[in-house]
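If you're matching them up, the sequences are chains B and G in order.
Note that my numbering has the first sequence beginning at 1, numbered continuously upward.
Note that my numbering has the second sequence beginning at 142, numbered continuously upward.
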Amino acid sequence: MIYWIRLVVVTGLFLIGISAWTIAPLQSKLQASIDRGKIIYTQQCLSCHMMDGGGVQSMNPPLIRTKWVLGDKADLITIVLKGMNSGVEIDAVQYHNIMASHADLSDQQIADVLTYIRNGFGNKAKAVTEAEVKTVRAKTH
Amino acid sequence: MPTRMIRMIYALLLSSVFSVFACANNSSHDTTKISASVSEGDGDVTLTLPAGFHASVFAENLGSARHIAVNSNGDVYVKLQGLKDGKGIVRLRDTNGDGKAEEKSGFGDFAGTGIAIGNSYLYASSDEEVFRFKLDASGNVADPDHPEKIVTGLLSRHEHEAKAIALDNDGNLYVNIGAYSNSCQVQDRQKGSPGMKPCPILDSAGGIWKFKADKPNQTYGDGVRYATGLRNVVGLNWNTQTNTLFVMQHGRDQLHDLFPDLYDTKQSAELPAECLYELHQGSNCGWPYIYYDQVQHKKILAPEFGGDGKKTAGEDAQDPVFSFPGHLAPNGLLFYTGSQFPEKYKNGAFVVFHGSWNRAPEPQAGYFVVFVPFKDGKPVGNWEVFADGFSGGAQFTASGRAKHRPCGIAQSPDGSIYVTDDTKGTVWKISYGNK
Chain B
1 MIYWIRLVVV TGLFLIGISA WTIAPLQSKL QASIDRGKII YTQQCLSCHM MDGGGVQSMN
61 PPLIRTKWVL GDKADLITIV LKGMNSGVEI DAVQYHNIMA SHADLSDQQI ADVLTYIRNG
121 FGNKAKAVTE AEVKTVRAKT H
Chain G
142 MPTRMIRMIY ALLLSSVFSV FACANNSSHD TTKISASVSE GDGDVTLTLP AGFHASVFAE
202 NLGSARHIAV NSNGDVYVKL QGLKDGKGIV RLRDTNGDGK AEEKSGFGDF AGTGIAIGNS
262 YLYASSDEEV FRFKLDASGN VADPDHPEKI VTGLLSRHEH EAKAIALDND GNLYVNIGAY
322 SNSCQVQDRQ KGSPGMKPCP ILDSAGGIWK FKADKPNQTY GDGVRYATGL RNVVGLNWNT
382 QTNTLFVMQH GRDQLHDLFP DLYDTKQSAE LPAECLYELH QGSNCGWPYI YYDQVQHKKI
442 LAPEFGGDGK KTAGEDAQDP VFSFPGHLAP NGLLFYTGSQ FPEKYKNGAF VVFHGSWNRA
502 PEPQAGYFVV FVPFKDGKPV GNWEVFADGF SGGAQFTASG RAKHRPCGIA QSPDGSIYVT
562 DDTKGTVWKI SYGNK
């Protein structure tokens, strides 16, 4: 009996170990991007979208599960590159402030900050890569 | 065992411990919320007021309740920033004098901020136009479906678009046309983008325009630019003692975001001042070239125009008559002329602060009504908090997630005051003594 328990525990630990070996490097790469993105968010976005990503009533929209944050990466990248002053309704609310272009950020910085918001504030979406930002930037010029 | 694996198991364990803690935390949070909402008569928050004053919830859940006006018969009119059930104005009537509105009805198919009563007319604004409704002999809106259009075609460009209004006693209407910009940069709010001198916005916005209160279909050409160099005004009131218009300017944002080398986040949270100005025909308050620094008590050259936080400028711009800390967002102004409140309130100014957002990452502030005593038309002494607690408590103030954000203010014929909230649409009535 004890033998079996031991076997199960050891196999379990072994499996966790295997997955740790294979997933961890990817995870830590994602985590590193998120960590860098958080610093950029704090410097460039927090003053309008707030610490919790909840935005400001009638002024600045939330970044929590909106169609832009979770949706098409190219559209999202374009917002950061070009800013936004559309007056469109975001989840049925209008916001009365404008967002400036942040094109002075590098491709990597934009990828990081977007990866951060897509994995923060209760969001879960795929990372944005430097290459994707580069492609969109080339097209928007 | 490889160390990475040990770390991972450890992390798993830790995170489960944390989530247990997080849950525990959440539930205690909920309890405080519930206990705060028990207090009777005040809705889901309890207002704190000076001794002898009390507040009642006059109405609730109106929508985004902005400015408010009270007719001589006691009827209360509230302007909504978004239509509710297709209506942009709500009339509230307290039929039994218990401090709560029993009757509620809506009219006006336009959303907006401004509302005022004068000369038997109710004036109300959208973000582009000003309308008026005739009030009949018994004080009712005669024809709620057919207002007369007084002003039309005002600029509304997605920033500072609310058209706050005021009336004087000589048949004039004053309209704020906010600047659709933070500091008149070539690219609004963009780091490194220079300021435009002269600022082209000032021709048609960034000031107060004066129109005839009774002439239909006026536009820019019919009005005069009464005052310029005002970034955005929401709180304004005609002072009947001085016979002048007073306005509260919303000062500029983002000194640190745009100039991190000149301003740290603490300075950026406090600067520039939210200013009270007394206006006359031709007044210039200096935006965008300068801002008022309430710590140095000086007009400082804006960094977009070559300033460094110290250089002074704006010799042609007038000084504020009073200044408050930055970003508190003054949305309502009222000179108290009643006799219900104690003597010190007579002719003094109540300023309603909607509450900040541009103080982050510093804690947010505001969400209160303050009082500034006046004597002979000039402020005397310091400001004090008059009504607080709209946010629901210190943590809701600090996070900016206020439960209510006070916005409009008006005085009733019996000398009580009303304060609106545009988050949930509560209207409070604040009275003194046994009123």
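For each residue, glycine too, the CB sits at the ideal point set by N, CA and C.
Do you know offhand how far residue i's Cα is from residue j's?
i      : j      : result
B/M148 : B/L76  : Nothing in the structure corresponds to residue 148 of chain B, since chain B is present only between 1 and 141.
B/G54  : B/Y116 : 15 Å
G/T385 : G/H421 : 7 Å
G/I100 : G/L403 : Any answer about residue 100 of chain G is impossible in this case: the structure gives chain G only from 142 up to 576.
B/A103 : G/G392 : 27 Å
G/E419 : G/G479 : 21 Å
G/H287 : B/L81  : 46 Å
B/L70  : B/K126 : 9 Å
G/G364 : B/T129 : 54 Å
G/P504 : G/A539 : 4 Å
B/I90  : G/Q222 : 17 Å
G/I349 : G/V462 : 17 Å
G/C416 : B/Q27  : 51 Å
G/E270 : B/L30  : 51 Å
B/Y41  : B/V113 : 6 Å
G/D398 : G/G427 : 22 Å
G/Y432 : G/I441 : 5 Å
B/A74  : B/I110 : 12 Å
G/G238 : G/S197 : 12 Å
G/G347 : G/C325 : 10 Å
G/D309 : G/D529 : 30 Å
G/I230 : G/P554 : 20 Å
G/L224 : G/G450 : 42 Å
G/S424 : G/S572 : 36 Å
G/K351 : G/T369 : 12 Å
G/K452 : G/N202 : 48 Å
B/W4   : B/T135 : 55 Å
G/K487 : B/T140 : 60 Å
Out of the options, point me to the one whose CA is closest to residue i's CA.
i      : options                           : result
B/N119 : B/A103, B/N97, B/H141 and B/T66   : B/T66
G/D460 : G/D268, G/D284, G/L371 and G/T189 : G/L371
B/E132 : B/T78, B/T11, B/Q44 and B/H96     : B/T78
G/D563 : G/K220, G/T187, G/V186 and G/G215 : G/K220
G/Y264 : G/A278, G/N212 and G/D235         : G/N212
G/P466 : G/A506, G/D449 and G/Q326         : G/A506
G/T254 : G/A368, G/I306, G/T360 and G/D355 : G/I306
B/N60  : B/T11, B/R36, B/C45 and B/G37     : B/C45
G/Y559 : G/L224, G/D216 and G/D250         : G/D216
G/N358 : G/E525, G/A192, G/E445 and G/F272 : G/F272
G/L343 : G/T406, G/P429, G/V374 and G/N380 : G/P429
B/D52  : G/G294, G/G541, G/Q552 and G/K576 : G/G541
Go to residue i, then tell me how far its beta strand (DSSP E) extends in each direction, as first and last residue.
i      : result
G/L403 : Looking at the DSSP string, G/L403 is not in any beta strand (DSSP E), and its letter there is neither H nor E.
G/W350 : G348 to K353
G/V271 : V271 to K275
List the endpoints of the continuous alpha helix (DSSP H) containing residue i.
i      : result
B/I110 : D107 to R118
G/T538 : A535 to S540
B/S47  : L46 to H49
G/G257 : In the sequence as displayed, the identity of residue 257 of chain G is Ala instead of Gly. Here G/A257 belongs to no alpha helix (DSSP H); instead the beta strand (DSSP E) covers I256 to G259.
B/K134 : E130 to T140
When the distance is taken between beta carbons, is residue j closer than 8 Å to residue i?
i      : j      : result
G/N378 : G/F515 : no
G/G204 : G/G549 : no
G/F531 : G/A543 : yes
G/S497 : G/A454 : no
G/N523 : G/V493 : no
G/V513 : G/A490 : yes
B/I34  : B/N123 : no
G/D268 : G/K304 : yes
G/Y218 : G/R232 : yes
G/T360 : G/V292 : yes
G/H495 : G/P547 : yes
G/Q435 : G/S464 : yes
G/E289 : G/S322 : no
G/Q437 : B/A100 : no
G/G518 : G/T383 : yes
G/W569 : G/F194 : no
G/A242 : G/D250 : no
G/H545 : G/R500 : no
Opposite residue i in the DSSP bridges: which residues?
i      : result
B/M84  : B/M99
G/C416 : G/Q390 and G/S464
G/E302 : None; G/E302 has no bridge partner.
G/T561 : G/V568
B/N60  : B/V56
Kindly indicate if chain D contains any beta-carbon less than 8 Å away from that of residue i.
i     : result
B/V88 : Of the protein chains in this structure, namely B and G, none is chain D.
Is any heavy atom in the ligand NAD found nearer than 7 Å to the beta carbon of residue i?
i      : result
G/W524 : Within the structure as shown, the ligand NAD is missing, as the structure has no ligands at all.
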